[in-house]
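Worksheet for the structure shown next.
Protein chains: 2
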Amino acid sequence: MSRIQFQQSLEELKENLLVMAGLAEQAIQRAIEAYRTHDLSLCELVMRSEMAINRMERDIDQRALDLLAMQQPMAVDLRFILSVIKINADLERIGDSAKSIADRVRFMLQMPPVELPVDVPRMAAMAIDMIRKSLKAFIEGDAELARTVLTLDSAVDAVNRASYASLTKVMEEQGQVAPQALNTLMICRSLERVADHATNIAEDVIFWVQGADVRHYKSVKAAEREAEAAGTKE
Amino acid sequence: MSRIQFQQSLEELKENLLVMAGLAEQAIQRAIEAYRTHDLSLCELVMRSEMAINRMERDIDQRALDLLAMQQPMAVDLRFILSVIKINADLERIGDSAKSIADRVRFMLQMPPVELPVDVPRMAAMAIDMIRKSLKAFIEGDAELARTVLTLDSAVDAVNRASYASLTKVMEEQGQVAPQALNTLMICRSLERVADHATNIAEDVIFWVQGADVRHYKSVKAAEREAEAAGTKE
């Protein structure tokens, strides 16, 4: 395989990953639309697309492996291919989250509808924004943009914690709607996981572009703050 | 790097991954022990080990990357190194699950203790058994053993579903213990995720040993069953 062919194969790999990303994002959107509009047929579409996403994950992994096996890629290409493998796994798990949400919506459609004090579509919009930004950062090799995704994650965590608190209160006070509240809480949790996967993707982009490993960035920062706070204790 | 040195480096990589696996397994055990014995200090140990696990994940990833970059590994070694990278990510997420469980236990220690109709330690034992078997399969390159792990996953899923049903019932009937029931339900869910990660590890072992990609094995099987059931419709 010539250098030019190899570069073309890398481009194709990227294209495939973007199709996969499109499917994953769409699956989340459909699952939330099903939640919002109580539409069972959308849940079924999500189930089907999860299977398509799984097939596509295997295909992309195999292509990436073939490229690693056929060539001795230069360091930057090696990092790129490994990033594709990792982003691929995160996208597949976003598909799993979409399926989990669709499952919850299906259960809820069998129960009397209730008003609950959480804004699921807003939380979903935040998570989808993170997916989009992390993929834009991937397409453009933009580590700066990827870094902004890391900061968005804590906002989603905060909304998730608030939802958790308000839904627990509902369960305590109105036992009869506990199943609906619990299913809604699980949907929020799935969205929080989607945001985590978008964060992973952003970290992989930074790893690829800068060669720096920023995973557990926040943990390290937190550790530094703790060490500072501890002062002369150490 | 000579061929012998390369093989030694692969052995070291494997050793490191097994230490990482030991930390992850221990973190789950400690978190469940904290749940069982109401021991806050064990929760703190889990928090600390999560940070150690995160550091170790970065270190193993870097070693794997260096081995890929320095040599042109043969196909079987390439598969091995990629499996290490993937198993590494799953072990790190098992560490995350341990931390989630420890967080839940900390919350619960601030609430009046209640008897709930779920056997968390039993579910944990099932998940830990799956981690151990998947790692034994990795050490011994035993695809057959790895395959048994795939079958164990559905048993954990069944226990999780049963816990979910019984805890929802508790919430409906006794609103005042909804927070405890909800935290316990989240612990069950974390254990179900641990079992999923063990399943991923088993799949990676099979991928490495046999060169076959068995991910979504069950989905494919399910699809086949569905196709059969559909009969002449297709």
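For the record, the sequence lines run as chains D and Z. Under my numbering, the first residue of the first sequence carries the number 381, and numbering increases by one thereafter. Under my numbering, the first residue of the second sequence carries the number 381, and numbering increases by one thereafter. No residue lacks a Cβ here, since even glycine has one placed at the ideal position from N, Cα and C.
Within a Cβ cutoff of 6 Å, which residues of the same chain sit near alanine 407 of chain Z, ignoring the five residues on either side of it in sequence?
Around alanine 407 of chain Z: Val426, Ser429, Gly475 and Ala478.
Could you list the residues in the stretch 453 to 466 of chain Z with a C-beta less than 8 Å from some C-beta on chain D, going in chain order?
Ala455, Leu458, Arg459, Leu462, Ile465 and Lys466
Give the interface partners of methionine 551 of chain Z over in chain D, defined as CB-CB distance under 9 Å, in chain order.
Met551, Glu552, Gly555, Ala558, Pro559, Ala561 and Leu562
Please go through the stretch 384 to 467 of chain Z and give each complete alpha helix (DSSP H) segment of 4 or more residues, from N-terminal end onward.
420 to 450
Please classify methionine 381 of chain D: does DSSP put it in a helix, a strand, or coil?
Correct three-state label for methionine 381 of chain D: coil.
Can you give the Cα-Cα distance for arginine 438 of chain D and valine 550 of chain D, rounded to whole angstroms?
Between arginine 438 of chain D and valine 550 of chain D, the C-alpha separation is close to 42 Å.
Excluding five sequence neighbours on each side, which residues of the same chain lie with their C-beta closer than 7 Å to the C-beta of methionine 450 of chain Z?
Around methionine 450 of chain Z: Met381.
Between the alpha carbons of glutamine 554 of chain D and threonine 548 of chain D, how many angstroms are there, rounded?
10 Å
Can you list, in chain order, the residues of its chain whose CB lies under 7 Å from that of arginine 473 of chain D, leaving out five sequence neighbours each side?
His577
Run down chain D in chain order and give the residues with a C-beta less than 8 Å from the C-beta of alanine 478 of chain Z.
Those do not exist, as alanine 478 of chain Z stays about 14 Å from chain D at its closest Cβ, beyond 8 Å.
Any beta carbon from chain Z within less than 8 Å of threonine 579 of chain D's own beta carbon?
So, not an interface residue.
Would methionine 400 of chain D and leucine 471 of chain D be called neighbours here (beta carbons separated by less than 8 Å)?
yes
What first and last residue would you give for the alpha helix (DSSP H) that runs through valine 498 of chain D?
Counting along the chain, valine 498 of chain D falls outside any alpha helix (DSSP H), and DSSP gives it neither H nor E.
According to DSSP, simplified to helix, strand and coil, what is glutamine 556 of chain Z?
helix
Where arginine 410 of chain Z and arginine 383 of chain D are concerned, what is the direct C-alpha to C-alpha distance, given to the nearest angstrom?
Looking at the backbone, the Cα of arginine 410 of chain Z and that of arginine 383 of chain D are separated by about 52 Å.
What three-state label does DSSP hand glycine 521 of chain D in the structure shown?
coil
For arginine 443 of chain D versus asparagine 396 of chain D, is the C-beta distance shorter than 8 Å?
yes
Can you name, in chain order, every residue of its own chain whose Cβ lies under 7 Å from the Cβ of methionine 491 of chain D, other than the five neighbours on each side?
Pro559 and Gln560
Between isoleucine 433 of chain Z and leucine 403 of chain Z, which are expected to be in contact by the criterion C-beta below 8 Å, what is the C-beta distance as a whole number of angstroms?
About 5 Å separates the two Cβ atoms, so the contact holds.
Using a cut-off of 8 Å between C-beta atoms, extract the partners of leucine 445 of chain D located in chain Z.
Leu458, Arg459 and Leu462
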